[in-house]
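Chemist:
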Amino acid sequence: MVKRDRCRWMLPALVGGLLGLFAAIAQAETMPQMSLAERPALEVLADHGGEPARPYFVAIGMADVPEEEGYAPDTRAPVAFSEADMLPVTSERLSPGEVRFRPLDLPSRMTPFFLVGDDALSLRWLEARGETLRELNAVGLIVEVATPEGLERLREAAPGLELRPTPGDDLAGRLGLAHYPVLVTAQGLEQ
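Each residue of the sequence shown is one higher than the last, beginning at 57 in our numbering.
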């Protein structure tokens, strides 16, 4: 009974809202295009301080804000970051260990990638599988490394391979992984 009563008042409200929306669309389509001078001024409903949003409208082409009033970033002092600023990289869900082959059905155009860490198992794996990784043009994700020296050790063990420090917890969850080193291709996970 309660459900039926709720539907009785919701349906007319929904229909009325849709009719109002259609009327507004029809009115907007039939109105002549107004120039900037003819449009009514924007009305400020509330001003809580801070930075005005108007300069950002230039980038998205809204409110006919002239280009000279647009936002311009301060380029006098560019901020530079290095890979050392990204360290340490840790992955709570991953640890060095054995990974058994598991088939995957991913798009064939996917770039193969591998996960490694700054540990003895990963270093041995990189040396043993390096040629295969280079042939596949696989990209390496370093999911566990604490220092720039550890990063350098991994790069020395994998000449010619692109290695990027990045946490691996999201990938671990999506791929059902608990251990690394591992190679991920369109066909499967393998160590």
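Here a beta-carbon is modelled for each residue, glycine too, at the ideal position from N, C-alpha and C. The structure presented is a predicted model; accordingly, all values stated were derived computationally and were not measured.
Starting from residue 244, follow the alpha helix (DSSP H) in both directions and report where the run begins and ends.
Modeler: Premise fails: residue 244 lies in the beta strand (DSSP E), 244-246, not in any alpha helix (DSSP H).
Chemist: Look at the Cβ atom of residue 223, then the Cβ atom of residue 171, and state whether they are nearer than 8 Å.
Modeler: No. Outside cutoff.
Chemist: Tell me whether the beta-carbon of residue 239 lies closer than 8 Å to the beta-carbon of residue 213.
Modeler: The answer is no: Cβ separation not under 8 Å.
Chemist: Are the Cβ atoms of residue 221 and residue 148 separated by less than 8 Å?
Modeler: Result no, Cβ atoms of residue 221 and residue 148 do not sit closer than 8 Å.
Chemist: Taking residue 204 as part of the alpha helix (DSSP H), name the residues at either end of that continuous run.
Modeler: Its alpha helix (DSSP H) spans residues 204-213.
Chemist: In the DSSP assignment, what are the bridge partners of residue 235?
Modeler: Bridge partners of residue 235: 151.
Chemist: Decide if residue 150 is buried, meaning its Cβ has at least 16 other Cβ atoms within 10 Å, or exposed.
Modeler: So residue 150 ends up on the buried side.
Chemist: What number of angstroms, rounded off, separates the C-alpha of residue 156 from the C-alpha of residue 207?
Modeler: Going from the Cα of residue 156 to the Cα of residue 207 covers about 26 Å.
Chemist: To the nearest whole angstrom, what separates the beta carbons of residue 201 and residue 173, a pair I think is in contact under 8 Å?
Modeler: Going by Cβ atoms, the distance from residue 201 to residue 173 rounds to 6 Å, so yes, they are a contact pair.
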